[in-house]
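As you go down the protein sequences, you meet chains E and U in turn. Heads up, our numbering is the position in the first sequence plus 1164, with the first residue counted as 1. Heads up, our numbering is the position in the second sequence plus 1164, with the first residue counted as 1.
Protein chains: 2
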Amino acid sequence: MTDVVTPPTSPVSRERSKEIKRLSVISAARQVRVLSRAELTELTGLSPATLTPLVRDLIAEGYLIERGPGASRAGRPRAMLEFNPRAELVAAVSLEPSRISCEIADSDGAVVAHRTVRLTGDIVDLICTAVPDLAGDGLPALRGVAIAAPGVSSGGAVRLAPSVGLVEGRPIGESVRQRLGVPVVVDNDVNLMAAGEHAAGAGTDVADLLLLHVADGIGAGLVLDGQVRRGSGGAAGEVGFLPLDPADQGHDGIGPFEARWSESAIAEKVVSLAPGRRPGSPVRALVDLAAADDRAAAYLDEVLAAWSRLIVSCACVVDPGRVLLSGAAAELDDTAVDRLQALVSAAAPSPTEVRRAVLGDRAVLHGAVSYALSAAAAGLSTLLPAP
Amino acid sequence: MTDVVTPPTSPVSRERSKEIKRLSVISAARQVRVLSRAELTELTGLSPATLTPLVRDLIAEGYLIERGPGASRAGRPRAMLEFNPRAELVAAVSLEPSRISCEIADSDGAVVAHRTVRLTGDIVDLICTAVPDLAGDGLPALRGVAIAAPGVSSGGAVRLAPSVGLVEGRPIGESVRQRLGVPVVVDNDVNLMAAGEHAAGAGTDVADLLLLHVADGIGAGLVLDGQVRRGSGGAAGEVGFLPLDPADQGHDGIGPFEARWSESAIAEKVVSLAPGRRPGSPVRALVDLAAADDRAAAYLDEVLAAWSRLIVSCACVVDPGRVLLSGAAAELDDTAVDRLQALVSAAAPSPTEVRRAVLGDRAVLHGAVSYALSAAAAGLSTLLPAP
DNA sequence: GATAATTCGTTCGCCGTAGGAAGGAAGTGT
DNA sequence: ACACTTCCTTCCTACGGCGAACGAATTATC
């Protein structure tokens, strides 16, 4: 947010307020899906007289579709308007080690088109050709692009915030924004997952949540007051570095906690408990194993205890109220989650609910949708004077 | 924030936009203190024509005071306007075990009047008579009341968020608001300190910070993106409960970490190192002692190591970028702070600056001022459509 | 020292928008 | 069929933002 020259535009210029009204209506419609003009006056507070031309415009632009008359107890039936999710498209680009996957989704998070491209040449070029190509006719409806950089879960080169920042700072994000002309957000995938679960998953009913993603590393995405919080250096959620046990040691960009309790660390142990090929889902394998094997059960207890201390730590610092288990942690079965919950409740200073994330792979996509849609509205936040 | 019936007022009604402009100007003036109308056009983006009547109003209301002409290189000299801090007063009420202290401050945080009252009868009555009484003529300028409930630092009955919530929920805050007719914020004192340091202390230049307050308990106040974050249950910053060492055990509402590393725990140890009366400032005493006594030096090392792990834990979860030492932790001398900084830098996943808080006792007051002033502007946040 | 140049602030007036009021539209109840 | 209710639209007015012209107060220049 390098305040370049801060174009000193009036806080309440005409276009501004018009834009605000538009967004009020659109966001109300997006939530309610099918509604009448009368409901819009209630929801937005705008007068019917103001709404008439506004709605007309929105219908013309395809945001709203006029449907037949709705039910009415008495009087003229309300002419129903349906929100058209296809009116707003977003692109979600996921950077992976050797390829990028690119999806176009409507504002429901329904995938309209997707493609995977091998990583050759310039990333920016790749994105800037793939996205318009995929969007096709829908390109004018594109509202934003969200780029998920491999964060914690990669375990590879691009790992800590500073290096993600390298991608985030100007190079990719700003270049793509300039070439496509829409807002672009670059963030690590765990943050996007957290945003996704908040927008469309297991966190729609709360304003705060923490998504704990266990993979080769361990990372968390933090939503506070409805917004993803990245911290000052973008390193919020680097919970793999928590110093929860003096005995544990991290190394080479691997935090002390995740060195011992990440999916890969667990996988090794599972192999030693049940020799054979490294299982694809070591945590699930461990849960299964624990049913019959005492040593596995004991180790599972250890894992749960460790994870619970991690969760409690987060609860102490930010009190998210709800913790979502993602990645390998989502492989726990109900009883294991219950036990984890019990451990957390016993030690956390405030009620903290532990449950599994529900979106799985689609979390990043939904997060991207949510980012891109709110990025469109973000221009407005300039409106409020700084306290 | 019980959304009562959501008064469906238009997002961009005329009065609203007028109010926004007013606040834009006021907030610009508050920051710059002395400025001309020309500077206001630059800062707010409003046209000179719009400003003329607005400034006239503000002068009439006492927000701005016309001063003589300012310097000018060429052309007509700018007529300077000075922001009048007395135009906005706030009350800061601090609840203590057996009394309440009440201060009226202007928006600079300068105390205009103060009084301490023994806690007799109904708290709400007490506050609602003391505040108007203290404010006197200035009552119409009262913009808000901030009530600091003894949080972590009390070590007594009112300790965890739920119990503070008891005070916070309806009883006190809402009653006072209704009787005085101004916004009221109730929060624990550590949060207020964090807000104060952010607004007027060692954190004015950053958007994120964590204030670590060591007293009988250990608590933290968290500012992220310029706002105090309380978490879902108001228990954010309960870092005394961090499970950083399996050996430590909490009890009776005392967290495991603070049981061992709080000011009172340190005081005991200091007494055992240098028999005598319990020192008033045990940490300072320890620092002094460590200069000459090897055992004290070793123990100081332990304390610093423990605190550093606490700070690192916070850095992992929220990455505040800056940590302010408050309460007993602010008694460390420069070399001790430097060593703490080194320990933190070695283990934190992102750069984290450790320094002492600067406001001391006045932090709560400044926090109250900042709360009350932003509460006045808070009505505006309704303006933006939810994403 | 007069005149030009420059910068500030204000007044005027146009335009666009918000929203009140009234009226038409399209149903339900009696 | 008639009143009644509710919804939506059109007309109209009032008001606020801001462009433009103007007056004010100083410095630079000849």
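Quick reminder that beta carbons are idealized off the backbone N, C-alpha and C, glycines included. Because the structure is a prediction, the values reported are computed rather than measured.
Would you mind telling me which residues of chain E sit closer than 9 angstroms to residue i, beta carbon to beta carbon, in chain order?
i	result
G1395 (chain U)	D1372, L1388, A1479, V1481, V1482, D1483, P1484, G1485 and S1514
Is there a C-beta anywhere in chain U that falls below 9 angstroms from the one on residue i?
i	result
P1347 (chain E)	no
G1419 (chain E)	yes
P1172 (chain E)	With a pLDDT of 35 at P1172 (chain E), under the threshold of 50, the predicted position of this residue should be treated as unreliable, and no value is reported.
Can you find a C-beta in chain E that's less than 9 angstroms from the C-beta of residue i?
i	result
S1181 (chain U)	yes
Q1342 (chain U)	no
G1531 (chain U)	no
A1384 (chain U)	yes
Q1505 (chain U)	no
List, in order along the chain, the chain E residues whose C-beta lies closer than 7 angstroms to that of residue i?
i	result
P1407 (chain U)	L1408, R1473, V1476, S1477 and A1511
A1573 (chain U)	Nothing can be reported for residue 1573 (chain U): it is not among the residues displayed for chain U, which extend from 1165 to 1551.
Taking C-alpha atoms, which residue in the options lies nearest to residue i?
i	options	result
D1372 (chain E)	E:L1344, E:R1448, E:A1359 and E:S1472	E:A1359
V1281 (chain E)	E:V1533, E:E1422 and E:L1259	E:L1259
L1344 (chain E)	E:D1351, E:I1291 and E:L1386	E:I1291
F1405 (chain U)	U:D1416, U:F1421 and U:A1399	U:F1421
D1297 (chain U)	U:V1392, U:G1285, U:L1283 and U:V1276	U:V1276
I1430 (chain U)	U:S1472, U:I1475 and U:V1378	U:V1378
P1212 (chain U)	U:R1279, U:A1274 and U:V1189	U:V1189
C1266 (chain U)	U:E1225, U:R1250, U:A1313 and U:S1477	U:A1313
L1504 (chain U)	U:G1524, U:V1476, U:G1491 and U:L1523	U:V1476
A1366 (chain E)	E:S1534, E:L1523, E:A1193 and E:E1466	E:L1523
V1387 (chain E)	E:R1526, E:R1486 and E:L1303	E:R1486
S1426 (chain U)	U:L1488, U:E1203, U:V1309 and U:L1376	U:L1376
G1531 (chain E)	E:T1368, E:C1478, E:D1465 and E:R1250	E:T1368
V1481 (chain U)	U:L1529, U:A1506, U:L1537 and U:G1401	U:G1401
A1269 (chain U)	U:A1305, U:T1205 and U:T1293	U:A1305
D1221 (chain E)	E:V1508, E:G1444 and E:E1183	E:E1183
Could you tell me which chain U residues have their CB closer than 9 angstroms to the CB of residue i, listed as they occur along the chain?
i	result
A1379 (chain E)	None at all; the shortest Cβ gap to chain U is about 17 angstroms.
For residue i, which residues in chain E fall below 8 angstroms Cβ to Cβ?
i	result
V1403 (chain U)	C1480 and V1481
Examine the ligand FMN and report whether any of its heavy atoms sits within less than 8 angstroms of the Cβ of residue i.
i	result
E1495 (chain U)	As presented, the structure is devoid of all ligands, the ligand FMN included, so that no description of it is given.
Touching by the beta-carbon criterion (3+ pairs, under 8 angstroms), the segment 1337 to 1351 of chain E and the segment 1504 to 1522 of chain E: Touching, no, given that fewer than three Cβ pairs across the two stretches are closer than 8 angstroms.
Segment contact, 8 angstroms Cβ cut-off, at least three pairs: the segment 1244 to 1260 of chain U with the segment 1197 to 1210 of chain U: With the cut-off at 8 angstroms, the segment 1244 to 1260 of chain U and the segment 1197 to 1210 of chain U touch.
Secondary structure, alpha helix (DSSP H): runs of 4+ residues fully inside the segment 1375 to 1460 of chain U: Those alpha helix (DSSP H) runs which fall completely within the segment 1375 to 1460 of chain U and span 4+ residues are 1420 to 1425, 1427 to 1437 and 1446 to 1454.
Touch test, the segment 1408 to 1415 of chain U against the segment 1449 to 1462 of chain U, Cβ-Cβ under 8 angstroms, three pairs minimum: Too few Cβ pairs lie closer than 8 angstroms, so no.
contact_flag[the segment 1258 to 1272 of chain U, the segment 1220 to 1238 of chain U] where n(CB pairs < 8 angstroms) is 3 or more: As far as the Cβ criterion goes, the segment 1258 to 1272 of chain U does not touch the segment 1220 to 1238 of chain U, which means the pair count is below three.
Entirely enclosed alpha helix (DSSP H) segments - the segment 1473 to 1539 of chain U, minimum 4 residues: Taken in chain order, the unbroken stretches of alpha helix (DSSP H) that lie wholly in the segment 1473 to 1539 of chain U and span 4 residues or more are 1498 to 1511.
In chain order, each beta strand (DSSP E) run of at least 3 residues that lies wholly inside the segment 1329 to 1373 of chain U: Taken in chain order, the whole beta strand (DSSP E) runs of length 3 or more contained in the segment 1329 to 1373 of chain U are 1348 to 1352.
Beta strand (DSSP E) segments (min. 3 residues) lying fully within the segment 1206 to 1256 of chain E: If we require 3 residues or more, the beta strand (DSSP E) runs fully inside the segment 1206 to 1256 of chain E come out as 1228 to 1233 and 1243 to 1247.
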